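Okay, so here's the structure we're looking at.
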Amino acid sequence: MTIGLNAYLVIGALLFSAGVVAVLSRRNAVAVLIGIELMLNAANVNLVAFDRFVSGGIGGQVFTLFVLAIAAAEAAVALAIILNVFDAHDRIDVDRVNSLKG
Amino acid sequence: MLNLALVCLFAPLFGFVVQYFLGKRLPRQGDLFTVATLGASLVCAILLTIKALGGETMDPWSIEWFRPGGEGAPAWTLGVMVDGLTAVMLVVVTVVSFLVHVFSIGYMHGDAKYANYFAWLQMFTFAMLTVVLASDLMLLFIGWELVGLSSYKLIGFWCEKKAPANAGRKAFITTRIGDVGLVLALMVIAAVVGSFDFGKIAAAVQDGTFSGPWLTIAGLGVLAGAAGKSAQFGFHVWLPDAMEGPTPVSALIHAATMVAAGVYLVGRTMWMLTPEVLYVVAALGALTGIMAGFIAVAQNDIKKVLAYSTVSQLGYMFLGLGVGAWHAALFHLATHAFFKALMFLGSGSVIHACHHEQDMRKMGGLWKKLPVTGTTFLAGVLAISGLPFFSGFYSKDAILSGAYHRFPFLFWIGLAAAVLTAFYMMRLFVMTFLGKPRDQHIYDHAHEGGFSMQMPLVVLGILAVIAGYGAWHEILLAPDTGLVVAGHHTVGDIHHFEHDTATVAPLAIAAGIGGLVIGWFVFSILSAARLAALKRPLKGLEWACSNKFFFDEFYREALLKPTYAFAAFCGWMDKTGVDGVVNAIGRGGLRLAGYSGVNDDVVVDGAVKGVGATALAGGGVFSRLQSGRVRFYLSVSVGIVAVILVLLLKKSL
Numbered sequence: 001m002t003i004g005l006n007a008y009l010v011i012g013a014l015l016f017s018a019g020v021v022a023v024l025s026r027r028n029a030v031a032v033l034i035g036i037e038l039m040l041n042a043a044n045v046n047l048v049a050f051d052r053f054v055s056g057g058i059g060g061q062v063f064t065l066f067v068l069a070i071a072a073a074e075a076a077v078a079l080a081i082i083l084n085v086f087d088a089h090d091r092i093d094v095d096r097v098n099s100l101k102g
Numbered sequence: 103m104l105n106l107a108l109v110c111l112f113a114p115l116f117g118f119v120v121q122y123f124l125g126k127r128l129p130r131q132g133d134l135f136t137v138a139t140l141g142a143s144l145v146c147a148i149l150l151t152i153k154a155l156g157g158e159t160m161d162p163w164s165i166e167w168f169r170p171g172g173e174g175a176p177a178w179t180l181g182v183m184v185d186g187l188t189a190v191m192l193v194v195v196t197v198v199s200f201l202v203h204v205f206s207i208g209y210m211h212g213d214a215k216y217a218n219y220f221a222w223l224q225m226f227t228f229a230m231l232t233v234v235l236a237s238d239l240m241l242l243f244i245g246w247e248l249v250g251l252s253s254y255k256l257i258g259f260w261c262e263k264k265a266p267a268n269a270g271r272k273a274f275i276t277t278r279i280g281d282v283g284l285v286l287a288l289m290v291i292a293a294v295v296g297s298f299d300f301g302k303i304a305a306a307v308q309d310g311t312f313s314g315p316w317l318t319i320a321g322l323g324v325l326a327g328a329a330g331k332s333a334q335f336g337f338h339v340w341l342p343d344a345m346e347g348p349t350p351v352s353a354l355i356h357a358a359t360m361v362a363a364g365v366y367l368v369g370r371t372m373w374m375l376t377p378e379v380l381y382v383v384a385a386l387g388a389l390t391g392i393m394a395g396f397i398a399v400a401q402n403d404i405k406k407v408l409a410y411s412t413v414s415q416l417g418y419m420f421l422g423l424g425v426g427a428w429h430a431a432l433f434h435l436a437t438h439a440f441f442k443a444l445m446f447l448g449s450g451s452v453i454h455a456c457h458h459e460q461d462m463r464k465m466g467g468l469w470k471k472l473p474v475t476g477t478t479f480l481a482g483v484l485a486i487s488g489l490p491f492f493s494g495f496y497s498k499d500a501i502l503s504g505a506y507h508r509f510p511f512l513f514w515i516g517l518a519a520a521v522l523t524a525f526y527m528m529r530l531f532v533m534t535f536l537g538k539p540r541d542q543h544i545y546d547h548a549h550e551g552g553f554s555m556q557m558p559l560v561v562l563g564i565l566a567v568i569a570g571y572g573a574w575h576e577i578l579l580a581p582d583t584g585l586v587v588a589g590h591h592t593v594g595d596i597h598h599f600e601h602d603t604a605t606v607a608p609l610a611i612a613a614g615i616g617g618l619v620i621g622w623f624v625f626s627i628l629s630a631a632r633l634a635a636l637k638r639p640l641k642g643l644e645w646a647c648s649n650k651f652f653f654d655e656f657y658r659e660a661l662l663k664p665t666y667a668f669a670a671f672c673g674w675m676d677k678t679g680v681d682g683v684v685n686a687i688g689r690g691g692l693r694l695a696g697y698s699g700v701n702d703d704v705v706v707d708g709a710v711k712g713v714g715a716t717a718l719a720g721g722g723v724f725s726r727l728q729s730g731r732v733r734f735y736l737s738v739s740v741g742i743v744a745v746i747l748v749l750l751l752k753k754s755l
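As they're listed, the protein sequences go chains A and B.
Oh and the first sequence: position 18 is 18 in my numbering, straight run, nothing missing.
Oh and the second sequence: position 379 is 481 in my numbering, straight run, nothing missing.
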């Protein structure tokens, strides 16, 4: 059996679903961040796969690099926020950060 | 001459303004100041008279007031003029006013409104001089009303008491009724002649443009005004009541000057009066003379006797004017002013001595206590009774001879009035000065007033004796301005009367002496019991006289009560009719406002509040969604994305 585009897409979908479940189910902010990273990487897998099997060229790989850079920046910002939340609340439970509710 | 006239006129006005505003702060509350301003006026008046007597004439001087008809129409002017008549009146007014000022210093001493009193005396003098100096009817009318105003203020001077306040009102309103006639005459003259200048009116009368019924109506209007001011029959009710004022005021206003203003007005406009009007004047005068004479006999208040005597003498003057004895009437005006002012000031002296007791029944024997007052008063009594060689004789005699030649019937009435005059004057004199004191307490405390009260009495006493010798006829006619006798009488007419006094004089003398003797006999010689017996058959007459022939009662029933009833009816109409409509409209408005309010509360506010409430409710629902739980938000968004994805996939499949 040849490994084709569908296999990659299935892997991407599984990764994305795992990320979504992590984001929705975990209360720990760091875990949520990890979930988000999973979803981003699922997108990366899809991009590389489409690049390899459909369009041909390096556009998808370039996009992937951008995504990685942005993910790194996002992680830096997110960790900074989390650190501040910890300072304020002594824990990093996202359900506790609700002072902006209406 | 003009400057003199203007100084004479405006000195008292200046005095009034200064005295009214600063009087209390002047030394001696300004009494000497007002005497001084009036002295200036008096000097000017005398100088003017001397010049007039010397034949000097003054052209009427006037300023244009306004042109009621616009540009080109005849102007209404205000001006002054001096002729013989004016000169005589000037002297009378200023002399009497001056002496009354001096007398008042003593009489009003210590009064709370001392300064104010002198201010109004000044105002009155100014007003009277305006009347006298005016060369046109409009200015005369202005002065005329000012006279009425100051008279009102002075009668009601003690206005904190009820009687003087009412008397002031009565005088003002009664004379105002007469003034309606005068205003009517002014309107007729304005419409027919277009100018109020005496010269222009006289010219219009002479060339016939102003004649017929209109002239008669204007004449009657003038007469009505004059009768009101001069308290002629029908209008006379205000004068006795005016005695509530201070006695010097009575002397000045209600004996010498203001009441003579009516006589002056008729004398001034004599050329305007048609024979019919003159007949009315004469009849009115004779009726007034005899009626007031009867009432005076039955009065016990010393001032009331003098008041009715004044009414009676004014009637005499009207009689004189009516029969065409123009100069005699005005001559009598002058002499009467002196001797009546004298008697009023004398009565003031008596009242002052008796601690403001005015009832003659409580006096008697005062001659010994008040020699100066008594002597001068006697001069006044003899003068008014028309005893030869006293001033009243000459003037009265002239009037009676005029009446004798024109209306013999009125002559006999006048003669009867002369007897009555002497009679009640003697009664007054006997009751006050002769006999035994009736009230020992009053008698014991009686004393002569100070110099300021004696000096005017003496001066007026002398004038009452000698005023008849003056060259009055010459002065009155002196510079013939053509105004005096332009109409229906000529200078010849007037002199005609003068030469006929010989027939009338004995009768007049007999009347005067007869009245005095009867009076003296009845009130001094007869015992009280005999007097009562004598009175018995005359009971009805006495009853009518002492009640003043029921004029006041008649007016109350015939005029005042209907007026009050009508006023009450008008009030009722106002309250029920007019107010009813107004209130109904108000109530309607109120109801409408109620509906509008409900509409506002329910509909408009409902809409506004409804919007608010809806927004609030919506906000409540949606605010529940903003739970603050991040995972909830994410779950929702993922769910929605999933749904969209499913839908997209379904479509593409």
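Even glycine gets a Cβ: it sits at the ideal position worked out from N, Cα and C.
If you're wondering where the values come from, they're calculated on a predicted model, not measured in any experiment.
Note to self: Do residue 439 of chain B and residue 342 of chain B have their beta-carbon atoms positioned less than 7 Å apart in this structure?
What the structure shows: On the second sequence, position 240 is the one that residue 342 of chain B refers to. On the second sequence, position 337 is the one that residue 439 of chain B refers to. No, Cβ-Cβ distance for residue 342 of chain B and residue 439 of chain B is not below 7 Å.
Notebook entry, point to check: The alpha helix (DSSP H) spanning residue 525 of chain B covers which residue range?
Noted result: Here residue 525 of chain B corresponds to residue number 423 of the second sequence, with the count starting at 1. Residues 510-535.
Note to self: Report the CB separation of residue 224 of chain B from residue 114 of chain B in whole angstroms; it is logged as a contact under 8 Å.
What the structure shows: As a working note, residue 224 of chain B is residue 122 in the second sequence. As a working note, residue 114 of chain B is residue 12 in the second sequence. Confirmed, Cβ separation roughly 5 Å.
Next item on the list: Could you tell me which of B:396, B:137 and B:542 sits nearest to residue 463 of chain B, measuring between CA atoms?
Entry: By 1-based counting over the second sequence, the position of residue 463 of chain B is 361. For the residues B:396, B:137 and B:542, the minimum Cα distance to residue 463 of chain B belongs to B:542.
Margin query: Could you give the first and the last residue of the continuous alpha helix (DSSP H) run that contains residue 199 of chain B?
Written below: Looking up residue 199 of chain B in the second sequence gives position 97. Note, residue 199 of chain B: alpha helix (DSSP H), 186-209.
Next item on the list: Assuming residue 337 of chain B contacts residue 330 of chain B (C-beta within less than 8 Å), just tell me the rounded distance between them.
Entry: Numbered from 1 along the second sequence, position 235 holds the residue referred to as residue 337 of chain B. Numbered from 1 along the second sequence, position 228 holds the residue referred to as residue 330 of chain B. Yes, residue 337 of chain B and residue 330 of chain B are in contact; Cβ-Cβ is about 5 Å, under 8 Å.
Margin query: For residue 437 of chain B, which residues in the same chain have their Cβ closer than 8 Å to its Cβ, ignoring the five residues on either side in sequence?
Written below: The count along the second sequence starts at 1 and reaches residue 437 of chain B at position 335. Result list for residue 437 of chain B: 485, 493, 494, 496, 497, 566, 569 and 570, in chain order.
Check: Of the residues B:658, B:735 and B:744, which one's Cα is nearest the Cα of residue 94 of chain A?
Finding: Taking the first residue of the first sequence as 1, we reach residue 94 of chain A at position 94. Selected option, being the one with the closest Cα: B:735.
Next item on the list: State buried or exposed for residue 718 of chain B, treating a residue as buried only when at least 16 other CB atoms are found within 10 Å of its CB.
Entry: Translated into the one-based positions of the second sequence, residue 718 of chain B becomes position 616. Its Cβ having fewer than 16 others within 10 Å, residue 718 of chain B is exposed.
Next item on the list: Could you spell out where the alpha helix (DSSP H) holding residue 554 of chain B opens and where it closes?
Entry: The count along the second sequence starts at 1 and reaches residue 554 of chain B at position 452. Where residue 554 of chain B is concerned, the enclosing alpha helix (DSSP H) stretches over 553-568.
Item checked: For residue 257 of chain B and residue 344 of chain B, believed in contact at Cβ under 8 Å, the rounded distance -> The residue labelled residue 344 of chain B in the question sits at position 242 within the second sequence. The residue labelled residue 257 of chain B in the question sits at position 155 within the second sequence. Right, the Cβ-Cβ distance comes to about 5 Å (below 8 Å), so this counts as a contact.
Notebook entry, point to check: To which residues of the same chain is residue 417 of chain B closer than 6 Å at the C-beta, ignoring the five residues directly before and after it?
Noted result: Here residue 417 of chain B refers to the residue found at position 315 of the second sequence. Closer than 6 Å at the Cβ level, and outside the excluded window around residue 417 of chain B, lie 387, 390 and 391.
Note to self: In whole angstroms, give me the CA-to-CA distance for residue 466 of chain B and residue 560 of chain B.
What the structure shows: If you number the second sequence from 1, residue 466 of chain B lands on position 364. If you number the second sequence from 1, residue 560 of chain B lands on position 458. Cα to Cα, the separation comes out at about 22 Å.
Next item on the list: Taking residue 20 of chain A as the query, report the chain B residues whose CB atoms sit under 8 Å from its CB, ordered along the chain.
Entry: Locating residue 20 of chain A in the first sequence gives position 20, counting from the first residue. Neighbours of residue 20 of chain A on chain B, chain order: 740.
Margin query: So residue 98 of chain A contacts chain B; which residues on that side make the cut at Cβ distance below 9 Å?
Written below: Looking up residue 98 of chain A in the first sequence gives position 98. Residues of chain B passing the Cβ test: 729, 730, 731 and 732.
Notebook entry, point to check: Would residue 54 of chain A count as contacting chain B if we go by Cβ distances under 7 Å?
Noted result: Along the first sequence, one-based indexing puts residue 54 of chain A at 54. Judged by the 7 Å Cβ criterion, residue 54 of chain A is not in contact with chain B.
Note to self: Please classify residue 429 of chain B as buried or exposed, where buried requires at least 16 neighbouring CB atoms within 10 angstroms.
What the structure shows: The residue you call residue 429 of chain B lines up with position 327 of the second sequence. Classification of residue 429 of chain B: buried, given that the 10 Å Cβ count is 16 or more.
Next item on the list: Buried or exposed for residue 519 of chain B, please, with buried defined as at least 16 other CB atoms from any protein chain shown within 10 angstroms of its CB.
Entry: Looking up residue 519 of chain B in the second sequence gives position 417. Buried is the call here.
Margin query: For a contact defined as C-beta to C-beta under 9 Å, what are the partners of residue 94 of chain A on chain B?
Written below: Here residue 94 of chain A refers to the residue found at position 94 when the first sequence is read from its first residue. Neighbours of residue 94 of chain A on chain B, chain order: 731, 732 and 733.
Next item on the list: Along the beta strand (DSSP E) that carries residue 180 of chain B, what are the first and last residues, could you check?
Entry: Within the second sequence, numbered from 1, the residue matching residue 180 of chain B stands at position 78. Where residue 180 of chain B is concerned, the enclosing beta strand (DSSP E) stretches over 178-182.
Notebook entry, point to check: Under a three-way DSSP split, which group does residue 92 of chain A fall into?
Noted result: For the purposes of this step, residue 92 of chain A is taken as residue 92 along the first sequence, with counting starting at 1. Reduced to three states, the DSSP call for residue 92 of chain A is coil.
Next item on the list: Starting from the beta carbon of residue 24 of chain A, find every residue of chain B whose beta carbon is closer than 8 Å, and list them in chain order.
Entry: Your numbering for residue 24 of chain A matches position 24 in the first sequence. What residue 24 of chain A touches in chain B: 733, 736, 737 and 740.
Check: Are the beta-carbon atoms belonging to residue 618 of chain B and residue 528 of chain B less than 7 Å from one another?
Finding: Within the second sequence, the letter at position 516 stands for residue 618 of chain B. Within the second sequence, the letter at position 426 stands for residue 528 of chain B. Contact flag set, yes.
Item checked: Length of the line joining the Cα atoms of residue 654 of chain B and residue 623 of chain B -> In the second sequence, the residue the question calls residue 654 of chain B occupies position 552. In the second sequence, the residue the question calls residue 623 of chain B occupies position 521. Distance between the alpha carbons of residue 654 of chain B and residue 623 of chain B is about 33 Å.
Checklist line | Exposure label - residue 92 of chain A; buried when at least 16 CB within 10 Å | finding: Working through the first sequence from its first residue, we reach residue 92 of chain A at position 92. By the 10 Å Cβ count, residue 92 of chain A comes out buried.
Next item on the list: Output the distance between the C-alpha atoms of residue 594 of chain B and residue 507 of chain B, rounded to the nearest integer angstrom.
Entry: Position 492 of the second sequence, counting from 1, holds the residue named residue 594 of chain B. Position 405 of the second sequence, counting from 1, holds the residue named residue 507 of chain B. Note that residue 594 of chain B scores a pLDDT of 44, beneath 50, so its modelled location is shaky and nothing firm can be said.
Checklist line | Touch test, the segment 208-217 of chain B against the segment 180-197 of chain B, Cβ-Cβ under 8 Å, three pairs minimum | finding: no
Notebook entry, point to check: Could you give the residue range of the alpha helix (DSSP H) that holds residue 674 of chain B?
Noted result: Position 572 of the second sequence, counted from the start, is the residue given in the question as residue 674 of chain B. Element bounds for residue 674 of chain B: 663-674.
Check: By DSSP, does residue 459 of chain B sit in helix, in strand, or in coil?
Finding: Start at 1 with the first residue of the second sequence, and residue 459 of chain B comes out as number 357. In the structure shown, residue 459 of chain B sits in coil (DSSP, three-state: anything other than H, G, I, E or B).
Item checked: Whole-angstrom C-beta distance between residue 318 of chain B and residue 376 of chain B, which should lie under 8 Å -> Taking the first residue of the second sequence as 1, we reach residue 376 of chain B at position 274. Taking the first residue of the second sequence as 1, we reach residue 318 of chain B at position 216. So it is a contact: roughly 5 Å between Cβ atoms.
Item checked: Coarse secondary structure for residue 236 of chain B, derived from DSSP in three states -> Walking along the second sequence from the start, residue 236 of chain B turns up at place 134. Reduced to three states, the DSSP call for residue 236 of chain B is strand.
Note to self: Taking a contact to mean a Cβ-Cβ separation below 7 Å, would you say residue 38 of chain A touches residue 19 of chain A in this structure?
What the structure shows: Translated into the one-based positions of the first sequence, residue 38 of chain A becomes position 38. Translated into the one-based positions of the first sequence, residue 19 of chain A becomes position 19. Their beta carbons are under 7 Å apart, which means residue 38 of chain A touches residue 19 of chain A by this criterion.
Note to self: Is the separation between the beta-carbon of residue 482 of chain B and that of residue 445 of chain B shorter than 7 Å?
What the structure shows: Numbered from 1 along the second sequence, position 380 holds the residue referred to as residue 482 of chain B. Numbered from 1 along the second sequence, position 343 holds the residue referred to as residue 445 of chain B. Contact flag set, yes.
Notebook entry, point to check: For residue 78 of chain A, which residues of its own chain have a beta-carbon under 7 Å away from its beta-carbon, when the five flanking residues on both sides are left out?
Noted result: Taking the first sequence and counting its residues from 1, one reaches residue 78 of chain A at position 78. Hits under 7 Å: 33.
Next item on the list: Have a look at residue 172 of chain B and residue 240 of chain B and give me their C-alpha separation to the nearest angstrom.
Entry: Counting from 1 along the second sequence, the entry for residue 172 of chain B is found at position 70. Counting from 1 along the second sequence, the entry for residue 240 of chain B is found at position 138. Approximately 18 Å, taken between the alpha carbons.
Notebook entry, point to check: alpha helix (DSSP H) containing residue 316 of chain B: first to last residue?
Noted result: Position 214 of the second sequence, counted from the first residue, corresponds to residue 316 of chain B. Where residue 316 of chain B is concerned, the enclosing alpha helix (DSSP H) stretches over 314-331.
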